[in-house]
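In my numbering, the protein residues as written are 72 to 318. Glycine included, C-beta positions come from ideal geometry on N, C-alpha and C.
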Amino acid sequence: MEEKTSIKGLFLVIQKRLPLILLLTVTLGIISGVISYFVLAPVYQASTQVLINQKDANNSSLNGMQIKTNTDLINTYSAILKSRTILEEVKNELNLSQSVDTLSQQITVNSQENSQVFSVIVKDKNAIEAAKIANTVSETFRKEIPNIMNIDNVTVLSKANLKDKMAPIEPHPITNVAVALVIGFMTSIALVFLLEYMDNTIKNEADVEKLLGLPVLGCIEKIFEDNKPKMNKNSISKQIGSGKFES
72 MEEKTSIKGL FLVIQKRLPL ILLLTVTLGI ISGVISYFVL APVYQASTQV LINQKDANNS
132 SLNGMQIKTN TDLINTYSAI LKSRTILEEV KNELNLSQSV DTLSQQITVN SQENSQVFSV
192 IVKDKNAIEA AKIANTVSET FRKEIPNIMN IDNVTVLSKA NLKDKMAPIE PHPITNVAVA
252 LVIGFMTSIA LVFLLEYMDN TIKNEADVEK LLGLPVLGCI EKIFEDNKPK MNKNSISKQI
312 GSGKFES
């Protein structure tokens, strides 16, 4: 019974502060939507694929050692691709304004397990610029790897398309608004219970019983001005003459 009463009390608290909950939730959702649509700049993505050829073309089966060797080579190539040696040439060739460190942060190298193909992914605020950087990085890497490692087993499988009308990958307005609504609702609920916990005012006889630990014998209702009897001058004079005047 006490548990039922406690749960009912929680719902009553939420119901009492429902306008505040809705206000905070909707406000955070609107703020998130405005930031996502009008403040955050869209980010585009372009990618190329690079192939690392097998060393032994006559051996069609790959043993565990060869697979590990190829994986280690791809990891090495990924580090070389994002090195200052490669990115400095890319920066100079495209006349990029960003630094080499910033350019390196725009580039991601992804490889699948037991695969000799890895992807070069570039993110930029301009769709065409992202495709140019991806293609230039891959081509520069292919040209420079023979001089760096004295091998020639890198091939660019596919290049990024230079399309201006590309859908941005960031931001995600709908997702951002949904997350903001959830966070706003949870935050407002926590705020409502905090306000209720800090509110120590006495509102009814139940609060008096809880505070004093004594039963309530009766209550006096509030007397409003409209309920008071109206007195004119004659009635006041009669009361004064009879000695029954009450202030």
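{"query": "So which of V105, A112, V97, L99 has the shortest CA-CA distance to N197?", "result": "A112"}
{"query": "Is it true that the segment 244-256 meets the segment 223-234, where meeting means three or more beta-carbon pairs spaced less than 8 Å apart?", "result": "no"}
{"query": "Closest by CA to T147, which one among N166, F109, Q187, Q116?", "result": "Q187"}
{"query": "Hey, would you say A238 sits closer than 9 Å to A117, going by beta carbons?", "result": "no"}
{"query": "Here's the rule I'm using: 16 or more other beta-carbon atoms within 10 Å means buried, otherwise exposed. How should G255 be labelled?", "result": "buried"}
{"query": "Would you report the Cα separation of L266 and P244, rounded to the nearest angstrom?", "result": "32 Å"}
{"query": "Taking the Cβ atom as the reference point for each residue, do E210 and V193 lie within a distance shorter than 9 Å?", "result": "no"}
{"query": "If I'm right that I145 touches F189 with Cβ under 8 Å, what's the distance once you round it to whole angstroms?", "result": "5 Å"}
{"query": "Give the straight-line distance between the Cα atoms of F109 and S175, rounded to the nearest whole angstrom.", "result": "27 Å"}
{"query": "Between V253 and I102, what straight-line distance do the alpha-carbon atoms span, to the nearest angstrom?", "result": "13 Å"}
{"query": "Taking Cβ positions, are I123 and V225 nearer each other than 9 Å?", "result": "yes"}
{"query": "Indicate whether at least one CB of chain C lies closer than 9 Å to the CB of E184.", "result": "Absent here is chain C; the protein component of the structure consists of one chain."}
{"query": "Beta-carbon within less than 7 Å of K162's beta-carbon, same chain only, minus the 5 sequence neighbours each way: which residues are those?", "result": "V171, L174"}
{"query": "Can you look up I311 in the DSSP assignment and give me helix, strand or coil?", "result": "With a pLDDT of 45 at I311, under the threshold of 50, the predicted position of this residue should be treated as unreliable, though the coordinate-derived value follows. Correct three-state label for I311: helix."}
{"query": "What does the Cβ neighbour count give for F82, buried or exposed, with the cut at 16 atoms within 10 Å?", "result": "exposed"}
{"query": "Rounded to whole angstroms, how far is the Cβ of T119 from the Cβ of S229, which I believe are closer than 8 Å?", "result": "6 Å"}
{"query": "Closest by CA to E184, which one among D143, P90, I151, K87?", "result": "D143"}
{"query": "Would DSSP call T119 helix, strand or coil?", "result": "strand"}
{"query": "Have a look at the DSSP bridge pairing and note the partners of N181.", "result": "S190"}
{"query": "In chain order, what residues of the same chain lie with their CB nearer than 8 Å to the CB of V114, ignoring the 5 residues before and after it?", "result": "K194, D195, K196, P239, I240, E241, P242"}
{"query": "By Cβ distance below 8 Å, which residues in the same chain neighbour V84 in space, the five residues on each side in sequence not counted?", "result": "V263, F264, E267"}
{"query": "From S131 to S107, what does the alpha carbon distance come to, in whole angstroms?", "result": "With a pLDDT of 49 at S131, under the threshold of 50, the modelled position of that residue is not reliable, and the figure given next carries that caveat. C-alpha separation (whole angstroms): 51 Å."}
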